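Report on the following structure.
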Amino acid sequence: MVFHGLSIRRRVMNKQNHTCILLITLVSFVSCTVSKTFPKEYYVEHQATMHEMETQYDKITHQKLIAVAFYDLDFNDLSIEIKTDTVRYIYDFKYGEKRINDSLLKFGYDTTLTQQLIKNMRFIGCSWINTLDYYTDGNKKLLLFMSTPAKQLSLFPFLQKRKYYLFHFYEQPQYYDEQGRLLEKRKLRQLRKINSEVFWRISDKVCYTVSGKFR
Numbered sequence: 002m003v004f005h006g007l008s009i010r011r012r013v014m015n016k017q018n019h020t021c022i023l024l025i026t027l028v029s030f031v032s033c034t035v036s037k038t039f040p041k042e043y044y045v046e047h048q049a050t051m052h053e054m055e056t057q058y059d060k061i062t063h064q065k066l067i068a069v070a071f072y073d074l075d076f077n078d079l080s081i082e083i084k085t086d087t088v089r090y091i092y093d094f095k096y097g098e099k100r101i102n103d104s105l106l107k108f109g110y111d112t113t114l115t116q117q118l119i120k121n122m123r124f125i126g127c128s129w130i131n132t133l134d135y136y137t138d139g140n141k142k143l144l145l146f147m148s149t150p151a152k153q154l155s156l157f158p159f160l161q162k163r164k165y166y167l168f169h170f171y172e173q174p175q176y177y178d179e180q181g182r183l184l185e186k187r188k189l190r191q192l193r194k195i196n197s198e199v200f201w202r203i204s205d206k207v208c209y210t211v212s213g214k215f216r
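Structure, rendered in structure tokens:
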């Protein structure tokens, strides 16, 4: 009877262990799941504003580069990164602070246009806007990218790691394969990966990826 009891106990414990493993696997899967349709829906909904931001950013950075970020999901903690030839300055603000304009004026930026850009970012929930270098045939080019917090599907939001959609805006139409993945060159059929990420087509000039970082 003792051995029989131990056998039953082992079976119960094994069943409990299997249940725990199943729950952990389920939590991991659900917490990492992000919507695959949201990026295109987001772009369609905010297309006009995003391309307005593209134009604003191009005018603002015509002579000097700048990057703007919101670090919280309420879009109140604002960071502005100003790049000169020798130094990179990072300023942190609360949205709407008067001293934002003081810092922008100090470096010769158009305060009205920059404030409009920041307002648009907050309106559509854009976490980051900046330019990124990439190379084609050895030639350096720039693309504009924006990021937004990913729409994540989770039963346990406190366990999930925040993900972001990164949108890339190119000046020229790009090549994609049959699955909609961004290609380096059409003939080579080689994927263009930026920071090891695969990008997916939204339009000829716009694509996206999912990343654990917003920049």
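Numbering (my numbering), first residue to last: 2 to 216. Even for Gly, the Cβ is constructed at its ideal location relative to N, Cα and C. Please read these numbers as outputs of a predicted model, since none were measured by experiment.
Item, Value
"Taking the straight line between their C-alpha atoms, what separation do you get for residue 118 and residue 55?", "9 Å"
"Given a threshold of 16 other Cβ atoms within 10 Å of its Cβ, counted over all protein chains shown, does residue 131 qualify as buried or as exposed?", "buried"
"May I have the straight-line CA-CA distance separating residue 85 from residue 110, to the nearest angstrom?", "12 Å"
"Starting from the N-terminal side, write out each stretch of the beta strand (DSSP E) that is 3 residues or longer and does not extend beyond the segment 90-139.", "129-137"
"What is the residue span of the beta strand (DSSP E) that residue 210 lies within?", "207-212"
"Taking DSSP as the reference, what is the three-state secondary structure of residue 63?", "coil"
"For my contact list, residue 190 and residue 200 are in at a C-beta cut-off of 8 Å; report their separation, rounded to the angstrom.", "Between residue 200 and residue 190 the Cβ distance is about 15 Å, and since that is not below 8 Å, they are no contact."
"What did DSSP end up calling residue 88 once you bin it into helix, strand or coil?", "coil"
"Measure the beta-carbon distance from residue 91 to residue 135 and round it to whole angstroms, keeping in mind my assumption that it falls under 8 Å.", "Incorrect: roughly 24 Å between the Cβ atoms, too far for contact."
"Under three-state DSSP, which class holds residue 42?", "helix"
"Does residue 175 pass the burial test, meaning 16 or more other C-beta atoms within 10 Å, or should it be called exposed?", "buried"
"Strictly by DSSP, which residues pair up with residue 169?", "146, 208"
"DSSP three-state call for residue 49: helix, strand or coil?", "helix"
"Between the segment 100-116 and the segment 40-49, do three or more beta carbon pairs fall short of 8 Å?", "no"
"Thinking just about the alpha-carbon of each residue, which of 83, 79, 142, 88 is nearest to the one in residue 99?", "79"
"What do you get for residue 71, buried or exposed, if any count of 16 or more other CB atoms within 10 angstroms of its CB means buried?", "buried"
"To which residues does DSSP link residue 68 through a beta bridge?", "82"
"Going by beta carbon distance, what residues of the same chain come within less than 8 Å of residue 144, once the five residues before and after it are set aside?", "132, 133, 135, 169, 170, 171, 172"
"Quick check on residue 185: does DSSP put it in helix, strand or coil?", "strand"
"What residues match up with residue 202 in a beta bridge as DSSP calls it?", "208"
"Would you mind sorting residue 38 into buried or exposed? The rule is 16 or more other CB atoms within 10 Å of its CB.", "exposed"
"Classify residue 202 as buried or exposed, calling it buried when 16 or more other Cβ atoms lie within 10 Å of its own Cβ.", "buried"
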